[in-house]
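**Q** Have a look at the structure that comes next, please.
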Amino acid sequence: MYRYNFASYLRDEQVKIESVDLFYLAMPKIEDIGDGSQDALLVRIRAGNWEGWGECEAAPLVSIASWCCPMSHVACKPVSASVIGQRLEDPSDIAAIHKHVLANSFDLLQADHTLSGIDAALWDLLGKRLSAPVWSLLGCRKAFPKQPYASVLFGADPQETFSKGRAAISEGYRAVKFGWGPFGAGTAAEDQEHLRGAREGIGVDATLLVDAGAVWDEDVVRAKAVVPALRSVSATWFEEPFASEALHAYSELHAQAPDIKLAGGEGCHNHYLARLMIDHAGVSFIQIDAGRIGGITSARQVALYARQKGITFVNHTFTSHLALSASLQPFADHEEDRLCEYPVELKALARDLVLEPISRDHNGEVRVPDTPGLGVQVNLDTVRRYLVDAEISVGNRIVYRTPSV
Numbered sequence: 030m031y032r033y034n035f036a037s038y039l040r041d042e043q044v045k046i047e048s049v050d051l052f053y054l055a056m057p058k059i060e061d062i063g064d065g066s067q068d069a070l071l072v073r074i075r076a077g078n079w080e081g082w083g084e085c086e087a088a089p090l091v092s093i094a095s096w097c098c099p100m101s102h103v104a105c106k107p108v109s110a111s112v113i114g115q116r117l118e119d120p121s122d123i124a125a126i127h128k129h130v131l132a133n134s135f136d137l138l139q140a141d142h143t144l145s146g147i148d149a150a151l152w153d154l155l156g157k158r159l160s161a162p163v164w165s166l167l168g169c170r171k172a173f174p175k176q177p178y179a180s181v182l183f184g185a186d187p188q189e190t191f192s193k194g195r196a197a198i199s200e201g202y203r204a205v206k207f208g209w210g211p212f213g214a215g216t217a218a219e220d221q222e223h224l225r226g227a228r229e230g231i232g233v234d235a236t237l238l239v240d241a242g243a244v245w246d247e248d249v250v251r252a253k254a255v256v257p258a259l260r261s262v263s264a265t266w267f268e269e270p271f272a273s274e275a276l277h278a279y280s281e282l283h284a285q286a287p288d289i290k291l292a293g294g295e296g297c298h299n300h301y302l303a304r305l306m307i308d309h310a311g312v313s314f315i316q317i318d319a320g321r322i323g324g325i326t327s328a329r330q331v332a333l334y335a336r337q338k339g340i341t342f343v344n345h346t347f348t349s350h351l352a353l354s355a356s357l358q359p360f361a362d363h364e365e366d367r368l369c370e371y372p373v374e375l376k377a378l379a380r381d382l383v384l385e386p387i388s389r390d391h392n393g394e395v396r397v398p399d400t401p402g403l404g405v406q407v408n409l410d411t412v413r414r415y416l417v418d419a420e421i422s423v424g425n426r427i428v429y430r431t432p433s434v
């Protein structure tokens, strides 16, 4: 059991954020598939002799622009205006930075995505400075192991879906999620064949999770057509049949098929939207991406609210193990929330981004790192290998240039 006592820490120096560097990484070829591991936006923050890293789950250049764009008006300032020079000595300082960003960048819609990576880097740096894992700084007394589910895309055809399921089980996973790909793009009968292939591939005892990737927007009739097939394969949840904002569609489907457990939330880019989904969408599982929602701070708010409402919290992670560590911290102390997304089809960029990935233990479980900060170390050679040279200028002034690693 671990609890950090901030009162015991002697503040013999005032630490302020001195620099924030944003690194745009990308694979040589970006494919038109549902794979977010093909590029990345990393954030490095330095304060005093300390350094922290985070990752945004967002379009890199757009997010970089929100960091450095000129001010449009009082509530549309660049995110940088709320971060550089701020104090960073305990968690209350990170909360203060969030308030600054909300006030100063209220009308800058990309701000929460950019803040997500910044927030993770702030927690990483603070944890290193205080020699404590992030989860303990969040107030968690203990970190419980999680049951990882292999997160894969549906195959191009049912046979490939079957093969992917069989491969995941052979690697020791006891739960597998299939998503995106051709699912939902054709007929309900075609979807049924993919679901049958998935279940046959993983066997009758494994947990089957289904992700529609918001393919039907708000079309309840089309989503409901898949319900009989979901029942036939005993799917544990039906994820994102609709856009995250289509709360009415989620609620309607839940009312018509209450036995089908709905999941969603990865598209929520702030904790207010996640609370609305918990309260009004009829979801049984809320899936939060710390790289989108505003970082670990916002994800922790959702995790606590979900527990209060009896909703299961699940991380959303489809990129690197830096992002995986950040996504595990907010619900580390939720013993009853066991499932965690574990990406297994990563591109080389994301796969090699940290020196020591968060591996499954002998029980097949994943444990949140208990070392200082996020507990993972960024591989700088990988950063250099996939770094994209970019420059943003406004008039005659350069507002962003790729930083040195």
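Just add 29 to wherever you are in the sequence shown, counting from 1, and you've got our numbering.
The beta carbon of each residue, even a glycine, is placed where N, CA and C say it ideally should be.
Owing to the predicted nature of the structure, the values given are computational and were not obtained by experimental measurement.
#1: Once the 5 residues before and after leucine 375 are set aside, which same chain residues still bring their CB inside 6 Å of it?
#2: With the cut-off set at 8 Å, would you say tyrosine 279 and arginine 304 are in Cβ contact?
#3: Rounded to the nearest angstrom, how far is the Cβ of histidine 142 from that of arginine 321, given a contact under 8 Å?
#4: How big is the Cα-Cα spacing for glycine 83 and glycine 294?
#5: From glutamate 229 to glycine 194, what distance separates their C-alpha atoms?
#6: Could you spell out where the alpha helix (DSSP H) holding asparagine 133 opens and where it closes?
#7: Out of curiosity, what's the CA-to-CA distance linking phenylalanine 314 and valine 343?
#8: In the DSSP assignment, find the beta strand (DSSP E) that holds valine 72 and state where it starts and stops.
#9: Could you pull the DSSP bridge partners for threonine 143 from this structure?
#10: Tell me whether proline 57 is buried or exposed, calling it buried when 16 or more other Cβ atoms sit within 10 Å of its Cβ.
#11: Beta strand (DSSP E) containing glutamate 80: first to last residue?
#12: For the segment 367-405, list the alpha helix (DSSP H) runs that are entirely contained and at least 4 residues long, ordered along the chain.
#13: Please identify the residue among Asp366, Asp220 and Trp164 whose C-alpha is closest to the C-alpha of tyrosine 178.
#14: The beta strand (DSSP E) with threonine 411 in it runs from where to where?
#15: Please report the residue range of the beta strand (DSSP E) in which proline 211 lies.
#16: List the DSSP bridge partners of asparagine 344.
**A** By the coordinates alone:
#1: Against the sequence shown, residue 375 aligns to sequence position 346. Excluding sequence neighbours, leucine 375 sits near Ser66.
#2: Translated into the one-based positions of the sequence shown, residue 279 becomes position 250. Translated into the one-based positions of the sequence shown, residue 304 becomes position 275. No, the pair does not count as a contact, with Cβ atoms beyond the cut-off.
#3: The residue given as residue 142 occupies position 113 in the sequence shown. The residue given as residue 321 occupies position 292 in the sequence shown. At roughly 6 Å, the Cβ-Cβ gap stays under 8 Å, so histidine 142 and arginine 321 are in contact.
#4: Walking along the sequence shown from the start, residue 83 turns up at place 54. Walking along the sequence shown from the start, residue 294 turns up at place 265. Approximately 21 Å, taken between the alpha carbons.
#5: Against the sequence shown, residue 229 aligns to sequence position 200. Against the sequence shown, residue 194 aligns to sequence position 165. Glutamate 229 and glycine 194: Cα-Cα distance of roughly 8 Å.
#6: The residue labelled residue 133 in the question sits at position 104 within the sequence shown. Taken as a continuous stretch (DSSP letters only), the alpha helix (DSSP H) holding asparagine 133 covers 120-133.
#7: Here the question's residue 314 lines up with position 285 in the sequence shown. Here the question's residue 343 lines up with position 314 in the sequence shown. C-alpha separation (whole angstroms): 7 Å.
#8: Against the sequence shown, residue 72 aligns to sequence position 43. Counting along the chain, the beta strand (DSSP E) containing valine 72 begins and ends at 68-76.
#9: Here residue 143 corresponds to residue number 114 of the sequence shown, with the count starting at 1. None, per the DSSP bridge assignment.
#10: Position 28 of the sequence shown, counting from 1, holds the residue named residue 57. Proline 57 should be labelled exposed.
#11: Along the sequence shown, read from residue 1 onward, the residue named residue 80 stands at position 51. 79-85 is the span of the beta strand (DSSP E), which, as asked, contains glutamate 80.
#12: 377-380
#13: For this step, residue 178 is matched to residue 149 along the sequence shown. Cα-wise, what sits closest to tyrosine 178 is Asp366.
#14: If you number the sequence shown from 1, residue 411 lands on position 382. Where threonine 411 is concerned, there is no enclosing beta strand (DSSP E), although the alpha helix (DSSP H) it sits in stretches over 409-415.
#15: The residue labelled residue 211 in the question sits at position 182 within the sequence shown. Careful: proline 211 lies outside any beta strand (DSSP E) and carries neither H nor E.
#16: As a working mapping, residue 344 is identified with position 315 in the sequence shown. For asparagine 344, which the question treats as bridged, DSSP gives the partners Ile317.
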